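Single-structure report; data block below.
Residue numbers (the numbering used here): 87 to 314.
Next comes the structure, spelled out in structure tokens:
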């Protein structure tokens with residue numbers, strides 16, 4: 087059962103003249119407003135995808151197929167999965183675009199290459215994943231550095247900066263999102279502050295328990311993208 091949510095935060099956001107009627111289905115990107123409460127154990131990719139789908143459906147955006155932005159590492163008989171290969175091709179829009187038709191901070195990225203900065207020009211330009219645009223499915227900005235605690239800006243990805251899985255022997259995915267005890271997970275920062283300022287690959291967590299994630303500014307949240 088999903089945790090009770092607060093009302094969307096629209097403070098300071100004014101619909102431009104002639105804005106369309108709010109249409110939740112226009113949203114194709116969000117950060118989960120709540121985690122699953124079991125640290126890095128998300129029930130694997132399937133469990134994480136189901137969580138994205140349920141949160142989207144709760145705000146009227148369940149018509150899309152939603153996938154979590156998570157990589158998994160190779161295991162015997164199981165190839166690695168790259169987060170970038172499971173989120174569609176874009177473009178992606180956040181809550182502001184869906185609800186208000188607001189052009190500012192509304193488009194997250196036009197495509198995969200822009201999202202990850204595949205070329206030098208794209209890397210210099212960057213995507214639009216910053217604190218004010220990286221909102222949850224209810225329009226709320228994720229608490230980051232400088233905000234009132236709890237800080238929740240560490241977002242689970244298990245990915246390198248290019249959206250691909252790690253190929254070494256260290257655990258970067260809490261045992262492919264099934265562990266709430268041993269291991270570690272690579273995270274990005276939703277506010278782009280600290281440890282390289284990367285939205286998808288800033289640092290490793292201190293562990294995979296819920297307490298370990300929370301101790302360094304996380305809550306077990308992750309990015310969700312509509313693939314259609």
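Every residue, glycine too, gets a C-beta built ideally from N, C-alpha and C. Quantities reported herein were computed from a predicted structural model and do not represent experimental measurements.
{"query": "Residue interval of the beta strand (DSSP E) (run including residue 153)", "result": "152-154"}
{"query": "Exposure label - residue 274; buried when at least 16 CB within 10 Å", "result": "buried"}
{"query": "Of the listed residues 167, 305, 228 and 146, nearest to residue 245 (C-alpha basis)", "result": "167"}
{"query": "From 269, 287, 238 and 227, residue whose alpha carbon lies closest to that of residue 251", "result": "287"}
{"query": "Residues that residue 279 bridges to, as DSSP identifies them", "result": "According to DSSP, which records beta bridges pairwise, residue 279 is partnered with nothing at all."}
{"query": "Boundaries (first-last residue) of the alpha helix (DSSP H) holding residue 133", "result": "130-144"}
{"query": "Alpha carbon of residue 201 to alpha carbon of residue 213, nearest angstrom", "result": "5 Å"}
{"query": "Pairwise C-alpha distance: residue 297 and residue 95", "result": "Because the pLDDT of residue 95 is 36, which lies under 50, any placement of that residue in the model is unreliable, and the number read from its coordinates should be weighed accordingly. Cα-Cα distance, rounded: 27 Å."}
{"query": "Pair within 8 Å by beta-carbon distance, residue 130 and residue 263", "result": "yes"}
{"query": "Beta-carbon gap between residue 249 and residue 170 smaller than 8 Å", "result": "yes"}
{"query": "Coarse secondary structure for residue 200, derived from DSSP in three states", "result": "helix"}
{"query": "Reduced DSSP category for residue 159 - H, G, I as helix; E, B as strand; rest coil", "result": "coil"}
{"query": "Rounded separation between residue 121 and residue 304 - CA only", "result": "10 Å"}
{"query": "Residue 54 to residue 163 span [Cα, whole Å]", "result": "Nothing about residue 54 can be reported from this structure: the residues present for the chain run from 87 to 314 only."}
{"query": "Environment of residue 119 [buried if 16+ CB atoms lie within 10 Å]", "result": "buried"}
{"query": "Counted within 10 angstroms of its Cβ, other Cβ atoms place residue 92 as buried (16 or more) or exposed", "result": "Low per-residue confidence applies at residue 92: pLDDT is 33, beneath 50, and the placement is therefore not dependable enough to give any value."}
{"query": "Where residue 263 sits in the DSSP three-state scheme", "result": "helix"}
{"query": "With 16 other Cβ atoms within 10 Å as the buried cut-off, status of residue 307", "result": "buried"}
{"query": "Beta-carbon proximity of residue 153 to residue 313, cut-off 8 Å", "result": "yes"}
{"query": "C-beta atoms of residue 267 and residue 295 nearer than 8 Å", "result": "yes"}
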